[in-house]
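Structure first, then comments.
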Amino acid sequence: MSPVVWGFLGSLAAGLATAIGALPILVRGRSIADQKARLLGFASGVMLAASFFSLIVPALEAGRAQGLGSWSVSALVTGCVLAGAAGLAWLNRALPSLDIVAQATGGAIDNRHRSTCFLILAITLHNFPEGAAVGLSFADGSLGSGIPTAVGIGIQNIPEGLAVAGALATIGYRRRICALGALASGLVEPVAGLASALLVTLATVLLPAGLALAAGAMLYIVIAQILPDLAQDGESAEASRAFFIGLALMLFFDTALA
């Protein structure tokens, strides 16, 4: 299949992971929140390894294949990694903080509905750049670049799906509606993934920059979103073990299958 199709399917799979987070709402079983530290720790390890070995290294190789010199390709990739992180940081500042929105409550039912809608909108908007990162990671036609990115972002989407479903449940929506709401919040990712993969595939000269931008975005997610959450969770030992398991697995597969 073409890189565009893979980019769409990869970002679709990552987006569908939000539905997994809604499963406890459907079955009323053990909450995924109990496993949040392990999930996020594992996801951060996967994403850190994928950022370097699945995105930055292929970006350098793609730049050299296009005839760029060592200094030029290094400057391009470094600049785009920083730009990807800075762009996501700007988006996070422009959008309402998920923590602030999640804690917003009111006495009246109208306020509760408003806060819930605000939370879901914020999570949905945050999923756009994540979908773009997945789509860009498949743009070089290599599954070795795309799959680890999709896996890492998909895993960290699971708690977001739980947050959406749980928010809807608190204001009285039926369980199926809660699950559908969680699913819908993730379905913006394949839209962004398809658009970004299509853009880079049509203009292959953008491939090194696109992969590096995706790496910067993923590194920002790990450093600015996942790790601070883990620091507040009180389960640092379990999260650390999960982090190194995820890192080791991706490091092994990325290098063994290269």
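Take the sequence shown: its letter number 184 is residue 179 in this note's numbering, and every next letter is one higher.
All C-beta atoms in this analysis are idealised placements derived from N, C-alpha and C, irrespective of residue type, glycine included.
Environment of residue i [buried if 16+ CB atoms lie within 10 Å]
i	result
Leu256	What the structure shows of the chain is the stretch from -4 to 253, and residue 256 is not part of that stretch, so it cannot be assessed.
Thr100	For Thr100, the pLDDT reaches just 42, beneath the cut-off of 50, and the residue's location in the model is therefore unreliable, leaving the point undetermined.
Ile104	Unreliable placement is indicated for Ile104, whose pLDDT of 40 sits below 50; no coordinate value is reported for it.
Gly167	exposed
Ala243	exposed
Gly64	exposed
Thr144	buried
Ser46	buried
Met(-4)	exposed
Val256	What is shown of the chain runs -4 to 253, which leaves residue 256 out entirely.
Leu206	buried
Val200	exposed
Leu197	exposed
Pro53	buried
Val124	Note that residue 124 is Pro in the sequence shown, not Val. Buried, because 16 or more other Cβ atoms sit within 10 Å of the Cβ of Pro124.
Gly62	exposed
Ala60	exposed
Ala251	exposed
Ala164	buried
Ser137	buried
Ala226	exposed
Nearest-angstrom beta carbon gap, residue j and residue i [assumed within contact, 8 Å]
i	j	result
Val195	Ala134	4 Å
Glu184	Ala9	6 Å
Phe248	Gly40	Not really, about 12 Å apart at Cβ, beyond 8 Å.
Gly2	Gly188	5 Å
Leu202	Val(-1)	Leu202 to Val(-1), Cβ: 13 Å. No contact.
Ala38	Gly147	5 Å
Ile20	Arg170	6 Å
Leu246	Ala44	5 Å
Gly5	Val129	5 Å
Ile118	Ala158	7 Å
Ala209	Ser132	5 Å
Ala160	Cys173	4 Å
Ala12	Ile153	5 Å
Cys75	Ala232	Not quite, the Cβ-Cβ distance comes to about 36 Å (not below 8 Å), so this is no contact.
Ile142	Leu34	Between Leu34 and Ile142 the Cβ distance is about 18 Å, and since that is not below 8 Å, they are no contact.
What ranges does the alpha helix (DSSP H) occupy inside the region 129 to 211, keeping only unbroken runs of at least 4 residues that lie completely in it? 138 to 165, 170 to 181 and 183 to 197
Kindly confirm or deny that the region 64 to 71 and the region 175 to 192 touch, where touching means at least three C-beta pairs closer than 8 Å. no
contact_flag[the region 68 to 88, the region 210 to 218] where n(CB pairs < 8 Å) is 3 or more: Three or more beta-carbon pairs separated by less than 8 Å link the region 68 to 88 to the region 210 to 218, which places the two stretches in contact.
Please go through the region -1 to 71 and give each complete alpha helix (DSSP H) segment of 4 or more residues, from N-terminal end onward. 18 to 22, 31 to 44 and 52 to 60
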